[in-house]
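Enquirer:
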Amino acid sequence: MDINIKIYGIVKIGGIEVRITDTVVSTWIIMGLLIIFAIIVRIKYRNFKEMPKGFQNVIEAIVELFDNYLRSTAGERLMSIGNWFFTVFVFVLLSNLSGLIPGIRPPTADWSFTVALALMTFALTHIMGAKFRKGEYLKSFFSPMFLFFPVNLIGELARPISISFRLFGNMLSGLIMMTLLYSMTPMLARFIFPAALHAYFDVFAGVLQTYIFVTLSLSFITSSSEIPEC
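Each residue of the sequence shown is one higher than the last, beginning at 37 in this note's numbering.
1) Whose C-beta lies closer than 7 Å to the C-beta of Gln245 among residues of the same chain, with five residues either side of it excluded?
2) Which whole-angstrom value describes the C-beta separation of Phe127 and Ile66, a residue pair presumed to lie in contact below a C-beta threshold of 8 Å?
3) Report all residues from its chain with a CB closer than 7 Å to the CB of Lys42; omit the five preceding and five following residues, and keep chain order.
4) If I'm right that Leu129 touches Gly242 with Cβ under 8 Å, what's the distance once you round it to whole angstroms?
5) If I measure Cβ to Cβ from Cys266 and keep anything under 7 Å in the same chain, skipping five residues before and after, which residues do I get?
6) Spell out the partners DSSP gives Lys48 in its beta bridges.
7) Ends of the alpha helix (DSSP H) at Gly171?
8) Sorted by chain position, which residues of the same chain lie with C-beta nearer than 6 Å to Ile117's C-beta, five sequence neighbours on each side aside?
9) Determine, using beta carbons only, whether Phe256 and Thr144 come nearer to each other than 8 Å.
10) By the 10 Å Cβ neighbour count, where 16 or more other Cβ atoms means buried, how is Arg113 classified, buried or exposed?
11) Closest by CA to Ile212, which one among Pro196, Ile199, Leu193, His234?
12) Please list the segments of the alpha helix (DSSP H) lying wholly inside the stretch 130-188, counting only runs of 4 or more residues, in order along the chain.
13) Alpha carbon to alpha carbon, what distance is there between Ser62 and Glu86?
14) Taking Ile95 as the reference, give the member of Ser108, Phe122, Ala110 with the closest Cα.
15) Measure the C-alpha to C-alpha separation of Val47 and Ala152 and round it to an integer number of angstroms.
16) Can you list, in chain order, the residues of its chain with a C-beta nearer than 6 Å to that of Ile140? Leave out the 5 residues immediately preceding and following it.
17) Grouping DSSP H, G and I as helix and E and B as strand, with all else coil, what is Ile41?
18) Thinking C-alpha only, which one of Leu193, Met220, Gly210, Thr258 is nearest Leu155?
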């Protein structure tokens, strides 16, 4: 295992150099798997019955579980963003769990990956705020008076930074710990001791950090779109 980000090549697009790193490669692999799975579900969907069973039952249970989670976290009026956050949840979860595969560096251990997702949350926060509160949302940046605008602005900018560093920091620390353990553990013992810790650093922490990232993102959007009570 290696904590350093490897660069496999550089591609120039419109005069801009784009580095093909292991984060990019692992992200492409995860996206490819999700696209293939989505195509399979779409093909199977044509034969779905009124009484679900087997594969259909699993898919409907997952969708229903996430819908209930979204409804309880963000409310009924934000159900329109459910598709996006379902995709984010699955994408981040698989990215975290990819550390279980030898030779693959989790994309979430790269800050450029987590900050990109956090910026989407930042954009949705203000889009939903403007949609539901309109002019009142803009006025909230100057509340309780005009002099508080810099403070309110810094508070808003801190949100995407905080959730991106939370996810990045937890996954990178797990990667560092596992790398150190593998380097200090004898070859024969690697199949027992470090492998068992993958259950915590990759599975438990991966699932927990995915849940926290999505929940915090939804709470930011919910708070921005709620009309404060007088």
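Note that the Cβ used here is the ideal one computed from N, Cα and C, for glycine as well.
Expert: On the basis of the coordinates in this document:
1) Asn132, Leu203, Asn206, Met207
2) 7 Å
3) Thr57, Asp58
4) 7 Å
5) Confidence at Cys266 is low in this model, with a pLDDT of 48, below 50, so its placement is unreliable and no value can be given for it.
6) Glu53
7) 171-175
8) none
9) no
10) exposed
11) His234
12) 147-169, 171-175
13) 38 Å
14) Phe122
15) 20 Å
16) Ser62, Ser134
17) coil
18) Leu193
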